[in-house]
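Participant: At position 256 of the sequence shown (counting the first as 1) the number is 256 in this note's numbering, and the numbers step up by one without a gap.
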Amino acid sequence: MKNGVLLINLGTPDEPTVPAVRRYLKEFLSDPYVIDINPLARWLLVNCIIGPFRSPKSTLAYKKIWTDRGSPLLFHTMDLTKKVAEKLGSNFAVETAMRYGNPGLKTAIARLVDAGVHSIKVFPLYPQYALSSTETSLQEASRILGELRYEGMLDTVGPFYGHAGFIRAFAETGRPVLTDLNPDHVVFSFHGLPERHIRKVSRCPMDNSCCETISEHNRLCYRAHCVQTARAIAQESALSKDQYTISFQSRLGRTPWIKPYTDLILPELARQGKKRIAVFCPSFVADCLETLEEIAIRGKESFLATGGERLALIPSLNSHPSWVEAICEMITSPSTHAQNPPAP
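So, in structure tokens, the structure goes:
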């Protein structure tokens, strides 16, 4: 009997058009794990403000990164799935799913169930834990498995922010860029979160006093996970503490998000005389809008406009051989997250 593996990424529009982007944003931002406010206020915000006004702007951004193969996030994740399946062999059935958009979770899970797998390992492809990525993906997968009356064993891969294979893969990806650029400084830019999301699961004071180590009180703290990831990659890359900065990108709205902000850090580094910088984005395991457009295009423009000379984006892991190897190791290792599927 086969073992099932479900690789989950966040999602992408089907095409770079306003209707498709609007559908995607509506599904994504209607999730209470993502915008955790009063349901009526969330509906009004998504349908009356973000949908009509943000969709055209986001569509232009997606057009800048779209390729002949479509969305980079989707085809990189599909390439990864194919290589993982090949490496795991015939005893495994591996499926890709997006939390929002296509291929949908229900379709991917149904394919595994129809294949008769006796177990399913759910693998959210988010290195650091967050309610708006990890938790919502796990909860929706569990709900669908219950709805389909799946009777096999269910297992999950937890946050892998410090997994040796994951760290090694990012360091290997970055090494050629660092060697070629010889940067004055390195930035580790992670996706941001509202501070209130952190406080729901952690007593983190939102500063480095919390993030030095992982303990019981901050074991689910996204910011602490990010700090640990950056430090581990920096150590693997032979970077000293004064050679890199940790920051957070993609903030939305007026509420406080975790700091410092990448869009402020990049021009500040240029003003400090840093002429060449390299940027890792280790909360994304596949290149996507946030890496290719937000950092490699807009971030670069901001850096150059304030005196910088070169900004190099470190490619994400995509389907790098070391990343494939790390994923297979996590899939085949015993897990502490085994559970029975929920009742429908």
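Note that the Cβ used here is the ideal one computed from N, Cα and C, for glycine as well.
Since the model is a prediction, treat every value here as computed from it, not as a measurement.
#1: Please classify Asn38 as buried or exposed, where buried requires at least 16 other C-beta atoms within 10 Å of its C-beta.
#2: Please return the same chain residues whose Cβ sits closer than 8 Å to the Cβ of Phe280, not counting the five positions on each side in sequence.
#3: Count the C-beta pairs between the segment 257-270 and the segment 295-315 that are closer than 8 Å, then say yes if the count reaches three, no if not.
#4: Using DSSP with H/G/I as helix, E/B as strand and the rest coil, what is Phe188?
#5: Going by beta-carbon coordinates alone, are Phe284 and Ser247 separated by less than 8 Å?
#6: Thr213 to Tyr150, Cα distance in whole Å?
#7: Can Leu345 and Lys26 be called in contact, C-beta distance under 8 Å?
#8: Can the beta-carbon of Val113 be found less than 8 Å from the beta-carbon of Leu154?
#9: In angstroms with no decimal places, state the Cα-to-Cα distance between Ile144 and Gly307.
#10: Does DSSP put Ile214 in a helix, in a strand, or in coil?
#11: If you count every other CB in all the chains shown that lies within 10 Å of the CB of Gln339, and 16 or more means buried, which is it?
#12: Counting pairs of Cβ atoms below 8 Å between the segment 85-104 and the segment 1-12, do you hit three or more?
#13: Can you tell which of Glu309, Gly146, Tyr126 and Cys288 has its C-alpha closest to the C-alpha of Arg271?
#14: Which one of Leu45, Gln249, Gly273 and Met78 has the shortest CA to CA distance from Cys226?
#15: Give the secondary structure of Trp345 by DSSP, where H, G and I count as helix, E and B as strand, and everything else as coil.
#16: If you draw a straight line from the C-alpha of Gly158 to the C-alpha of Pro124, how long is it?
#17: Let me make sure I understand the geometry here. Which of Leu45, Arg54 and Tyr129 has the alpha-carbon closest to that of Ser202?
#18: For a test of the three-state rule: what should DSSP assign to Asn182, helix, strand or coil?
#19: Return helix, strand or coil for Arg203, following the three-state DSSP convention.
#20: For Phe166, which residues from the same chain have a beta carbon less than 7 Å from its beta carbon, with the 5 sequence-adjacent residues on both sides left out?
#21: Keeping to the same chain, check which residues put their C-beta closer than 8 Å to that of Glu135; ignore five residues upstream and five downstream.
#22: What separation, rounded to the nearest whole angstrom, lies between the Cα atoms of Arg22 and Asp31?
#23: By Cβ distance, which residues of its chain are closer than 7 Å to Arg54, with the 5 residues on each side in sequence left out?
#24: Three-state secondary structure (DSSP) at Asp79?
#25: Buried or exposed, going by whether 16 or more other CB atoms sit within 10 Å of the CB of Gly192?
#26: Mapping DSSP to helix, strand and coil, what is Lys106?
#27: Determine whether the beta carbon atoms of Ser322 and Arg168 lie at a separation below 8 Å.
#28: Checking the sheet assignment: what are the DSSP bridge partners for Gly162?
#29: Look at the Cβ atom of Glu86, then the Cβ atom of Leu6, and state whether they are nearer than 8 Å.
#30: Across which residues does DSSP place Ile246 in a beta bridge pair?
#31: Taking buried to mean at least 16 other C-beta atoms within 10 Å of its own C-beta, is Thr332 buried or exposed?
#32: Name the residue from Thr291, Asn318, Leu266 and Pro282 whose alpha carbon lies nearest to the alpha carbon of Phe303.
#33: In angstroms, rounded to a whole number, what distance separates the CA positions of Ile49 and Ala108?
#34: For Gln139, which residues of its own chain have a beta-carbon under 8 Å away from its beta-carbon, when the five flanking residues on both sides are left out?
Facilitator: Short version:
#1: exposed
#2: Phe170, Gly174, Val186, Val187, Phe188, Ser189, Ala230, Ile233 and Ile314
#3: yes
#4: strand
#5: no
#6: 39 Å
#7: For residue 345 there is no data in the structure shown, the boundaries of the chain being 1 and 344.
#8: no
#9: 51 Å
#10: coil
#11: Confidence at Gln339 is low in this model, with a pLDDT of 39, below 50, so the placement of that residue should be treated as unreliable; the coordinate-derived value is given next. Gln339 is exposed by the Cβ-count criterion.
#12: yes
#13: Glu309
#14: Gln249
#15: The structure shown has nothing for residue 345, since the chain only spans 1 to 344.
#16: 8 Å
#17: Tyr129
#18: coil
#19: coil
#20: Pro127, Phe160 and Ala326
#21: Tyr33 and Tyr129
#22: 14 Å
#23: Leu25
#24: helix
#25: buried
#26: helix
#27: yes
#28: In the DSSP output, where bridge partners are listed per residue, Gly162 has none listed.
#29: no
#30: Phe188
#31: exposed
#32: Leu266
#33: 32 Å
#34: Tyr33
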